[in-house]
Amino acid sequence: MTEDPGVTEDSDGTKNPRETETPGPAETPGPAENPGPTENPGGAEESGGTEEFDTPFKRGLALTMTAVGLLAGVLTYLGGQAGTQEDRNAREAQRASVTALAAQAGATADSLESTANLGAATTVKRRHDIESLRATLLGEQEHEAVADRLRQAYGKLDGVSPLPTGDAVAAQRYFADLNREATVASLLQEATQETASSWGDRSNTYSAGTALLAVALTLFGLSLTVGEANRRHLVWPATAIVAVTVAGTLVLLVVPPVTTPRAAIVAVAEGDRLAGLREHEDAIAHYTRAIALRDDYAVAYEHRATSRVMAASPERATSAFVFSTASRSAYEAAVADMTKAMEYGGDEKYTALVNLGGFEIHLADYEAAEEHSRAAVALNPGPPIPRMNLLLALLGQRKTAEARRVATELLRVIGSRPDPTERNELYAATRTTLDLVSAQRDHARPLAQEIKGELVRAQGEELAPDARPAPSARIPAIRVAAQGSMIQASLSYEGMFKGARMASIVYYRERPGDEWLQRSDLVSIQPWQLEGASGTTSWTVVDAACPATGEYRVEFYAEGRLLASAGATLSTGTGAGLTGYADWAGGLTLCRPDGWALSHERAGTADLTSPDRRHHLAVRVLRIAPPTSAASRARTLSTVREQLERTLPARPLNARPLADALFGGFTGPAWWLTLPDAEVAYLWASLDDTGRLRTFVARFPGNNPEILNNVLGYLRFV
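My numbering puts the sequence shown at residues 140 to 857.
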């Protein structure tokens, strides 16, 4: 039998466990003693196998986690409040959108009704004007009776339309006023939606903060499961998350959401109304007021940038779709404004990108212009303006191959535009800006001229489709003169034939050193009308824009090939600024010197009076039955002369016929009349084969006809 080494046996035979010795001098405590704590290798204190809770670290952590939980609750509450504000502003934006649509529909309905009523009243008024002019110019008294009856009928129609008869400027003002309410509502919708988005961003930020605090709480909790040496790897990131969340919350509480004062919205709407009326200086003042009320109002900056350029552009009164030149200072200010507009929320706005790219071309910042133009094309590849700007930017950087490709695309896009007025303005604007880049960079001249030729060729095929190319045409000599509104080129030609497509492209600038401007109305493309391959002739273009001073440059093309170019300085002027007047229904345009009074009570009439009331001009245009022979023409013109004499304030002392004279592109007989008080009257009349009768009476002191001669130099019959 083997003895169990772990057991001893008492004298009574009972077996007990054998006492064994452990290494070292440790003493085993007696049964009455409470064993003291032993040290856990992991660093945690143990008592009976249970972790102690009440320690300084755990007390601090509990307080921290409680504060973080409370902060999460606050963020949840703030997020809910922000969401409520977002919903409220979104509903207000929807209401503003409906209001804008209703206002726009109302304005459209009112404008259509006003236009229709004006058309009915104008028809009666136009018939009255014709009958009255017939009685005045032809002495046919029966027409005066008809005119009286029509006058009475028109009187009954007076007031059926708020639109003024025959006053285009007043009509534009009426339509601008009519659309103002819709503009305010539309801007209010945009501003309210922006505020709603701002509240939405705050709500999302609060939600993100709540999520971050949840992560922090998780990290704090995990720190209780690791030893002291590893706690900092969890506690410090959690503390940083809480600190960032607290800082972000404080920023949101201090910085208010984006709001736009209603006064700023109204100021922008008024600026838009004035800009539509081409009153750009006043528009700039209203945009500036809006910016003073909200210094990050992107819309106000964007619209002010455009008005700054238009205010300094010679095209401000003529361009309908495109403007292509202004002063350098205007472009610098516009770039500053448009940059702020992009910074404050316009970075995805197509029009802001397009205009900024165009502005930068004029400042020769081709790299920036390329960047913004490419972004605009990417947003909307259809319209031609960003492609035009991209072409110019590439041309300025010597990127020739790509510039040719973009030029081909640009010609295609321009040709696809449905409005012929827009196409003509685009052709002209491209030529203007190609000249600009050529002046800025000499290396760009050859390719710019090549592209200009392609533009002329494409436009010529539109304007004179039945004409034929003239590959052998030459212009060995050319001389250009400019007087009043007439630009006339005297030239010799070779290799020409009747029906050849010829183009004259006229450029203008007010002062030497300014950018050349090629306006769309200073283009003449038509079939050659002369027989014979060589000879001399003159070519006339009329500038209806009322230039008082300036320089012209004329380029002649056969298809896309430049044949000749010459310039001239405007040799005469009125010595004052000029304001244009156009009566397209009546068939005349003229330029009024500053200070001169204009009266146009009837269509086809215009009466000018100088400030000193010593110079008078009365113009009349009337369509009558065409003359059947030279004799009938002479009889009609003789009658007209007698009737014109009746309009003079005194009976002439004597009358003297003069040689036929050319005015406004038409030739007719003239008479010189001496009046009492050393006053002179000059009468002129013309009757063409279509029956269009054109006349004027000029009265002035006998020793000073020059100022009226200058005014007559701008008279044009259309």
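Ideal placement from N, C-alpha and C gives every residue a C-beta, glycine not left out.
On a predicted model such as this, the values are computed, not experimentally measured, just so you know.
As a quick exercise: from the options, pick the residue whose alpha carbon is nearest that of residue i.
i    : options                   : result
A241 : I524, E541, L389 and A324 : A324
W655 : Y691, L202 and L737       : Y691
Q627 : R613, A707 and R607       : A707
A377 : V545, D682, A736 and G208 : G208
S512 : A532, L502, A503 and H501 : A532
L217 : P520, V448 and L389       : L389
T205 : V619, D816 and F359       : F359
E471 : P651, W810, A546 and H501 : H501
D828 : F839, Y313 and R772       : R772
V285 : K295, L296, D297 and L272 : L272
K197 : R833, V374, R312 and A817 : V374
S663 : V237, R412 and A567       : A567
Y858 : G716, L214 and G674       : A question about residue 858 goes unanswered here, because the residues of the chain that appear run from 140 up to 857.
A246 : Y293, Q224 and Y313       : Y313
L432 : T203, Q220, A402 and S777 : A402
L630 : L709, S236, R613 and T775 : R613
T775 : D660, E320, L826 and R650 : L826
For residue i, name the three-state secondary structure that DSSP assigns.
i    : result
F695 : strand
I763 : coil
V819 : strand
L302 : coil
D268 : helix
N849 : helix
F856 : strand
W810 : strand
V374 : helix
Q668 : coil
M635 : coil
N173 : With a pLDDT of only 45 at N173, under the threshold of 50, the placement of this residue in the model should not be trusted; the figure read from the coordinates follows. In the structure shown, N173 sits in coil (DSSP, three-state: anything other than H, G, I, E or B).
G726 : coil
P615 : strand
E160 : A caution first: E160 carries a pLDDT of 42, below 50, which makes its placement in the model unreliable, though a value can still be read off. Reduced to three states, the DSSP call for E160 is coil.
S673 : coil
L602 : helix
V680 : strand
V836 : strand
G410 : helix
L217 : helix
D799 : strand
G708 : A small correction: the amino acid at residue 708 is Thr; Gly does not occupy that position in the sequence shown. Note: T708 maps to strand in three-state DSSP.
P180 : Annotation note: pLDDT 46 at P180 (below 50); position unreliable, coordinate value reported separately. Of the three classes helix, strand and coil, the one that applies to P180 here is coil, per DSSP.
I825 : It should be pointed out that residue 825 corresponds to Ser in this sequence rather than to Ile. Looking at S825 - three-state DSSP - the assignment turns out to be strand.
G689 : coil
T203 : helix
Check this for me: beta carbons of residue i and residue j, under 8 Å apart or not?
i    : j    : result
G699 : V576 : no
E477 : A424 : Note on identity: in this sequence residue 477 is Met, with Glu being the wrong assignment. No. Outside cutoff.
A408 : Y426 : no
E441 : V397 : no
S452 : A422 : no
V493 : L565 : no
E509 : L529 : yes
F636 : W678 : no
L257 : L302 : yes
V760 : G725 : yes
A705 : I617 : yes
A683 : R855 : yes
G634 : A609 : yes
F835 : W823 : yes
H267 : R234 : no
L737 : L747 : yes
A514 : L586 : no
- May I ask you to verify whether the segment 256 to 265 touches the segment 375 to 394, counting CB pairs closer than 8 Å and requiring at least 3? no
- Counting pairs of Cβ atoms below 8 Å between the segment 365 to 372 and the segment 246 to 254, do you hit three or more? no
- So does the segment 485 to 505 actually touch the segment 516 to 530, counting three or more Cβ pairs closer than 8 Å? yes
- Task: Jot down the residue ranges of each uninterrupted beta strand (DSSP E) in the segment 730 to 797, minimum 3 residues, whole runs only, in chain order.
- Result: 736 to 738, 744 to 748 and 755 to 762
- Query: In the segment 436 to 519, which residue ranges form an unbroken alpha helix (DSSP H) of at least 4 residues, counting only runs that do not cross its ends?
  - Reply: 437 to 450, 467 to 480, 489 to 501 and 505 to 518
- Query: Residue ranges of each alpha helix (DSSP H) run of no fewer than 4 residues wholly in the segment 533 to 598, ordered along the chain?
  - Reply: 539 to 555 and 559 to 579
- Message: Could you check whether the segment 750 to 768 touches the segment 825 to 843, counting it as contact only if at least three pairs of C-beta atoms, one from each stretch, sit closer than 8 Å?
- Response: yes
- Inter-stretch contact at 8 Å, needing at least 3 Cβ pairs: the segment 336 to 353 / the segment 388 to 407: yes
- Query: On the three-pair Cβ rule with 8 Å, is the segment 812 to 826 touching the segment 784 to 795?
  - Reply: yes
- Query: If we count Cβ pairs, one from each stretch, closer than 8 Å, do we get three or more for the segment 222 to 231 versus the segment 274 to 285?
  - Reply: no
- Every unbroken beta strand (DSSP E) within the segment 636 to 662, with a cutoff of 3 residues, ordered by chain: 640 to 648
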